[in-house]
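Keeping their order, the protein sequence lines are chains A and B.
For the first sequence, position 184 (counting from the first letter as 1) is numbered 184 according to this note's numbering, and the numbering increases by one without interruption.
For the second sequence, position 15 (counting from the first letter as 1) is numbered 15 according to this note's numbering, and the numbering increases by one without interruption.
We put the CB at the ideal spot given by N, CA and C, even for glycine.
Note that the structure is a prediction, hence the values are computed from the model and not measured.
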Amino acid sequence: MAVTTDLEKIVEDAAAYLYVWALKDIPQDLRDALKAARERETSTSGQRVLDTILRNVEVADTEKNLVCQDTGIAVYYCRVGEHFPLHPARIYQALYDGTERATVEHPLRSNTVHTLTRENTGQNVGYRVPIVHWDFVQGWDGLDVKCVPKGSGSENMSFLKMCVPADGVAGVKRFVLDSIVGAGGKPCPPGIVGVGVGGSADYAMHLAKEAIARPVGTHNPDPEAAKLEDELFELLNETGIGPMGLGGDVTVLHVHVEHADTHMTLNPVAVNYQCWAARRASAHIGADGAVEYDREA
Amino acid sequence: MAEHRMSFPCTEEQVRELRAGDSVIVDGHVIGIRDRTQIRMFDHGQKPEMDLTGALLLHTAPNVRRLDDGRYEKLCIGTTTSARMVRFTEGLGRDYGVRAICGKGGLPDDAIEPMRRLGMVYFAIVGGAAALETTQIEEIEAVEWEDLMPECLWKFRVRDFGPLTVGIDSHGSSVYRDVQEEAKKRLEELYARL
Numbered sequence: 001m002a003v004t005t006d007l008e009k010i011v012e013d014a015a016a017y018l019y020v021w022a023l024k025d026i027p028q029d030l031r032d033a034l035k036a037a038r039e040r041e042t043s044t045s046g047q048r049v050l051d052t053i054l055r056n057v058e059v060a061d062t063e064k065n066l067v068c069q070d071t072g073i074a075v076y077y078c079r080v081g082e083h084f085p086l087h088p089a090r091i092y093q094a095l096y097d098g099t100e101r102a103t104v105e106h107p108l109r110s111n112t113v114h115t116l117t118r119e120n121t122g123q124n125v126g127y128r129v130p131i132v133h134w135d136f137v138q139g140w141d142g143l144d145v146k147c148v149p150k151g152s153g154s155e156n157m158s159f160l161k162m163c164v165p166a167d168g169v170a171g172v173k174r175f176v177l178d179s180i181v182g183a184g185g186k187p188c189p190p191g192i193v194g195v196g197v198g199g200s201a202d203y204a205m206h207l208a209k210e211a212i213a214r215p216v217g218t219h220n221p222d223p224e225a226a227k228l229e230d231e232l233f234e235l236l237n238e239t240g241i242g243p244m245g246l247g248g249d250v251t252v253l254h255v256h257v258e259h260a261d262t263h264m265t266l267n268p269v270a271v272n273y274q275c276w277a278a279r280r281a282s283a284h285i286g287a288d289g290a291v292e293y294d295r296e297a
Numbered sequence: 001m002a003e004h005r006m007s008f009p010c011t012e013e014q015v016r017e018l019r020a021g022d023s024v025i026v027d028g029h030v031i032g033i034r035d036r037t038q039i040r041m042f043d044h045g046q047k048p049e050m051d052l053t054g055a056l057l058l059h060t061a062p063n064v065r066r067l068d069d070g071r072y073e074k075l076c077i078g079t080t081t082s083a084r085m086v087r088f089t090e091g092l093g094r095d096y097g098v099r100a101i102c103g104k105g106g107l108p109d110d111a112i113e114p115m116r117r118l119g120m121v122y123f124a125i126v127g128g129a130a131a132l133e134t135t136q137i138e139e140i141e142a143v144e145w146e147d148l149m150p151e152c153l154w155k156f157r158v159r160d161f162g163p164l165t166v167g168i169d170s171h172g173s174s175v176y177r178d179v180q181e182e183a184k185k186r187l188e189e190l191y192a193r194l
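See the structure below:
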């Protein structure tokens with residue numbers, strides 16, 4: 001019993017650390033993608049935007065401040081080994097407590113409200129918040145936790161379409177194009193476009209969100225999905241929306257696609273946008289309570 | 001595309017000199033405002049005490065720490081998406097004499113005509129660049145409607161605030177409309193390649 005309680009505290013500490021770390025120190029793959037974007041941007045306003053973004057990342061480092069003021073809604077991805085000695089019900093409580101503690105101690109702006117009354121529900125926690133996604137792994141005793149604080153500017157630019165099979169992949173591409181042009185400067189481009197295809201309506205959006213949480217610029221191992229990523233990347237960067245929607249060459253940093261098999265009459269496509277401040281931070285926790293923080297996962 | 005440095009509050013004449021695409025650095029005062037602040041002002045008809053004449057408004061809800069003497073210390077101040085608040089544009093200019101609105105992501109085309117008629121501009125800031133923006137805010141001088149925390153009215157004193165891009169000017173031009181029109185043309189070509 002004592003072991004379980006300690007582990008719960010360890011997961012709570014990790015969650016509190018990950019939330020703040022993610023908000024302050026963006027991963028190297030994202031920094032590299034932003035620098036590459038600055039190099040290929042030719043418009044004056046686009047260059048000005050990207051210079052400001054790069055300057056901002058530096059200032060966040062030196063001032064140890066948040067990269068973006070939107071502390072987001074805390075989203076966690078958990079991979080739980082079947083032999084990890086803390087039950088997911090307790091893992092959830094630990095993530096909840098860690099999120100709340102980080103918000104109070106830092107302090108961080110609290111964003112969570114009751115959806116209908118709009119009253120603030122607490123310190124970035126509330127009913128069903130934080131949002132936690134679960135994966136379970138057989139024959140393993142570890143826990144991976146990834147924290148993805150999701151800002152509202154980009155989350156508001158989420159789109160779902162139930163294409164029909166006759167729309168094919170062309171219909172999927174067209175919907176993504178229309179979504180990103182329609183979003184314009186609102187989701188803080190250039191960012192990561194997450195595209196989920198297949199499954200069901202809800203699962204397609206889940207996949208799109210999972211896609212934006214991947215390391216920046218990674219490809220889907222499925223060759224068809226990877227091809228779609230490359231094609232969409234090229235198409236979206238020809239729209240001219242540009243950094244912050246002010247026009248330019250770089251509209252998106254990368255496109256990540258996740259897919260699931262689907263019903264023969266379904267062809268769902270979901271778009272979930274992640275702003276240029278694509279924050280994420282991970283930890284691997286062993287059954288013995290050893291915590292290893294990971295900037296790249 | 002000209003580069004300007006200006007101080008707020010300012011006059012209509014100063015705002016009329018700005019053209020879409022110009023770059024601006026701001027000194028002086030900026031008033032933080034957000035969804036709930038404007039819902040109270042316009043939907044509930046309450047008038048704040050803060051003078052907004054000639055003001056530059058900033059779409060923000062800052063991370064702050066309340067000090068023992070009731071003042072607020074800045075922690076991280078950045079800018080939110082403007083489009084949600086477009087319907088307040090005309091009232092801000094007509095009823096309060098606001099001259100500029102700064103936010104991120106642009107205002108929809110509905111803002112172009114009131115801004116032209118009333119002599120107002122929209123400044124685009126780089127969304128998400130809050131660490132930098134915070135260093136450009138010298139002090140939180142006043143707060144009103146603290147019950148709306150963090151969506152209160154905030155009076156910030158700023159220095160070297162920007163760079164901002166004139167997204168919509170007071171002559172009927174909008175960078176966002178131009179970008180969308182061009183993108184729609186390009187989409188027709190891109191569809192053909194699918």
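For A/Trp-21, the three-state secondary structure derived from DSSP is helix. The shortest CA-to-CA distance from A/Leu-236 to any of A/Asp-51, A/Val-291 and A/Val-271 is the one to A/Val-271. Judged by DSSP secondary structure, A/Tyr-293 falls within the beta strand (DSSP E) whose first and last residues are 291 to 294. For B/Cys-76, the closest Cβ of chain A is nearer than 8 Å.
Look at the beta carbons and you see the segment 71 to 90 of chain A not touching the segment 43 to 57 of chain A: under three pairs across the two are nearer than 8 Å. At a cut-off of 8 Å between C-beta atoms, A/Gly-217 does not count as an interface residue with respect to chain B. By the Cβ criterion, the segment 56 to 66 of chain B is in contact with the segment 67 to 85 of chain A, since at least three pairs of Cβ atoms, one from each stretch, lie closer than 8 Å.
Under the Cβ distance rule, A/Cys-163 does not count among the residues neighbouring chain B, no pair being separated by less than 8 Å. When DSSP states are grouped into helix, strand and coil, A/Leu-66 belongs to the coil group. A/Lys-35 does not reach chain B, its nearest Cβ partner there being about 15 Å away, counting only Cβ pairs nearer than 8 Å. Only Thr-79, Thr-80, Thr-81, Ser-82, Ala-83 and Arg-84 from the segment 79 to 91 of chain B bring a Cβ to less than 9 Å from some Cβ of chain A. With respect to the C-alpha of A/Asp-25, the residue from A/Asp-6, A/Val-57 and A/Leu-50 having the closest C-alpha is A/Val-57. Taken in chain order, the segment 136 to 184 of chain B contains no complete alpha helix (DSSP H) segment of 4 residues or longer. Residue burial is scored here from C-beta neighbours: A/Val-59 has at least 16 other C-beta atoms within 10 angstroms and is therefore classed as buried. Under DSSP, A/Ser-158 forms a beta bridge with A/Asn-272. Note on A/Gly-247: 16 or more other CB atoms within 10 angstroms of its CB, so buried under the neighbour-count rule. Using a 10 angstroms sphere on the CB of B/Ser-23, the tally of other CB atoms reaches 16 or more, which defines it as buried.
In this structure, the straight-line span from the alpha carbon of A/Leu-34 to that of A/Ile-180 is close to 19 Å.
Note on B/Gln-46: under 16 other CB atoms within 10 angstroms of its CB, so exposed under the neighbour-count rule. Residue pairing of A/Ala-74 in beta bridges, as defined by DSSP: A/Pro-149.
Between the segment 37 to 57 of chain B and the segment 137 to 145 of chain B, the count of Cβ pairs shorter than 8 Å is three or higher; the stretches touch. Fully contained in the segment 186 to 229 of chain A are the following beta strand (DSSP E) runs of length 3 or more, in chain order: 191 to 199. Closest by C-alpha distance to A/Arg-279, out of A/Ile-53, A/Thr-117 and A/Lys-150, is A/Lys-150. From the beta-carbon of B/Thr-134, the residues of chain A found nearer than 7 Å are Asn-65. Short of 7 Å from the beta carbon of B/Thr-11, and not among the five residues preceding or following it, lie these beta carbons of its own chain, in chain order: Gly-54. Below the 9 Å Cβ cutoff, chain A contributes Val-181, Glu-238, Thr-239 and Gly-240 as neighbours of B/Arg-186, in chain order.
Residues Ala-94, Asp-97 and Gly-98 of the same chain have their beta carbon placed closer than 6 Å to that of A/Glu-12, with the five preceding and five following residues left out of the count.
The three-state secondary structure of B/Arg-71, taken from DSSP, is coil.
Residue pairing of B/Asp-27 in beta bridges, as defined by DSSP: B/Ser-7. DSSP places B/Leu-58 inside the beta strand (DSSP E), whose first and last residues are 56 to 59. Residue contact check for B/Arg-159 against chain A: no CB pair falls below 8 Å. Each residue's CA atom was taken as its position, placing A/Glu-41 and A/Cys-147 some 30 Å apart. A/Asp-202 and B/Glu-3 have their C-alpha atoms some 47 Å from each other. Going by C-alpha positions, B/Glu-151 is about 12 Å away from B/Val-64.
In chain order, Gly-198 place their CB closer than 7 Å to the CB of A/Asp-261, counting only its own chain and leaving out the 5 sequence neighbours on each side. Under DSSP, no beta-bridge partner is assigned to B/Lys-47.
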